[in-house]
Amino acid sequence: MLPVVMYHHINSDDLPLSNTDTMMEEHLKLIAHRYTTVFPGEQLGAKAICLTFDDAYYDFYHYVYPLLKKYHLKALLAVPSAYILEDTQLQAPQRLSLKHHEIYEKENYREFAPFCTYRELREMVQSGHVAIASHSTNHLNLSEEGVDLKGEIFGSKAVLEENLGYRVESFVLPYGKYNDAVVALAREHYPYVFRIGNALNPSWNGIGGLIYRIKGDGLQTPDELFKPLKQLGFWCKTMIKMAKAKG
Ligand SMILES: [Zn+2]
């Protein structure tokens, strides 16, 4: 069974969507010791794990990317293309200064460059430690009426590929929200489509065509996700989801 872990921020004020940099380092150190990190589509050994980070906040480049290099790990970064600037002259303290809600509510958020830039995304891809997924264009709830699904799902892929010179094969559903039309269109354009759901995956096909992710934000201990009781919970949920997908 393949565990895929979902993370968001590092050192953000939005605690349910964040880990501290020290917790993340201890957690990644443990993963490096016990598991082999894989990108979507790579061969799955018994100890395979896939790490995913949503929204491409600058804190990923600042805190997580150096740790991936230090511990020889791979991670998938889910990028909402409309938020990405080509480059910035701003320094780290400014770029890390916005509170979580300000990133989305401040009209001039771009003046703080709180997301990774294309220059940074290209560097990370070239390092071999980071793969890029589309996280839609505008990070909307795609299950709501009136959303331009083609623009959000396929348009974002075209924009990312053009700017990165890199083939984007994964799609991460914003807010984990979807309906049949969203899944059909995503599956048409991407071999790997990710949701939320605290279950494991028998293969890269996921369950019912969607790859499930475990919540890795707000860790209380570095090994929290790997404790027997927690693993049993993921396993049970996986069995229920698989039975439902069959029936
Ligand atoms: Zn997101």
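The sequence shown begins at 1 in this note's numbering and counts up one residue at a time. Here a beta-carbon is modelled for each residue, glycine too, at the ideal position from N, C-alpha and C. Since this is a predicted model, take the numbers as computed values, not measurements.
Residue 174 CB to nearest heavy atom of ligand 1 below 6 Å: Against the sequence shown, residue 174 aligns to sequence position 174. Checking the Cβ of residue 174 against ligand 1 gives yes.
Opening and closing residue of the alpha helix (DSSP H) in which residue 125 lies: Counting from 1 along the sequence shown, the entry for residue 125 is found at position 125. Here the alpha helix (DSSP H) through residue 125 covers 118-127.
Top-ranked residue by Cα proximity to residue 137, from 15, 235, 158: Taking the sequence shown and counting its residues from 1, one reaches residue 137 at position 137. For the residues 15, 235, 158, the minimum Cα distance to residue 137 belongs to 158.
Residue burial classification, residue 221 (beta-carbon count within 10 angstroms, cutoff 16): Against the sequence shown, residue 221 aligns to sequence position 221. Exposed.
Chain-order list of residues whose beta-carbon lies under 8 Å from that of residue 34 (same chain, five-residue window excluded): Here residue 34 refers to the residue found at position 34 of the sequence shown. Listed in chain order, the non-local C-beta contacts of residue 34 below 8 Å within the same chain comprise 47, 226, local neighbours out to five positions each way being set aside.
Continuous alpha helix (DSSP H) stretch holding residue 234: start and end: Position 234 of the sequence shown, counted from the first residue, corresponds to residue 234. Where residue 234 is concerned, the enclosing alpha helix (DSSP H) stretches over 228-246.
Neighbour-count burial assignment, residue 120, 16 or more Cβ in a 10 Å radius: Counting from one through the sequence shown, the residue named residue 120 turns up at place 120. Classification of residue 120: buried, given that the 10 Å Cβ count is 16 or more.
Residues near residue 50 by beta carbon distance below 6 Å, same chain, minus five either side: If you number the sequence shown from 1, residue 50 lands on position 50. Contacts found: 4, 38.
Residue nearest to residue 87 in terms of C-alpha spacing, selected from 25, 113, 247: Start at 1 with the first residue of the sequence shown, and residue 87 comes out as number 87. Ranking the options by Cα distance to residue 87, first place goes to 113.
Near ligand 1: residue 55 beta-carbon under 6 Å from a heavy atom: Here residue 55 corresponds to residue number 55 of the sequence shown, with the count starting at 1. Yes - ligand 1 has a heavy atom lying nearer than 6 Å to the Cβ of residue 55.
Distance between residue 58 and residue 96 (C-alpha atoms, nearest Å): Sequence index remark: in the sequence shown, residue 96 carries index 96 (1-based). Sequence index remark: in the sequence shown, residue 58 carries index 58 (1-based). Their Cα atoms are separated by approximately 7 Å.
Bridge-paired residues (DSSP) for residue 37: The sequence position of residue 37 within the sequence shown is 37, counting from 1. Residue 37 is bridged to 49.
Sheet register partners of residue 6 (DSSP bridge): On the sequence shown, position 6 is the one that residue 6 refers to. Looking at the DSSP assignment, residue 6 forms a beta bridge with 52, 215.
Per-residue DSSP class, three states only, for residue 158: Here residue 158 refers to the residue found at position 158 when the sequence shown is read from its first residue. Looking at residue 158 - three-state DSSP - the assignment turns out to be helix.
For residue 131, the residue or residues it bridges with in DSSP: As a working note, residue 131 is residue 131 in the sequence shown. Per DSSP, 76.
Rounded Cβ spacing between residue 2 and residue 44 (contact assumed at less than 8 Å): As a working mapping, residue 2 is identified with position 2 in the sequence shown. As a working mapping, residue 44 is identified with position 44 in the sequence shown. Yes, they are in contact, since the Cβ atoms of residue 2 and residue 44 sit about 6 Å apart, within 8 Å.
Buried versus exposed, by CB contacts within 10 Å (16 or more), residue 117: Taking the sequence shown and counting its residues from 1, one reaches residue 117 at position 117. Per the 10 Å Cβ criterion, buried.
N- and C-terminal bounds of the alpha helix (DSSP H) containing residue 172: Locating residue 172 in the sequence shown gives position 172, where the first residue counts as 1. Taken as a continuous stretch (DSSP letters only), residue 172 belongs to no alpha helix (DSSP H), being part of the beta strand (DSSP E) at 170-172.
Pair within 7 Å by beta-carbon distance, residue 156 and residue 192: Counting from one through the sequence shown, the residue named residue 156 turns up at place 156. Counting from one through the sequence shown, the residue named residue 192 turns up at place 192. Contact: no.
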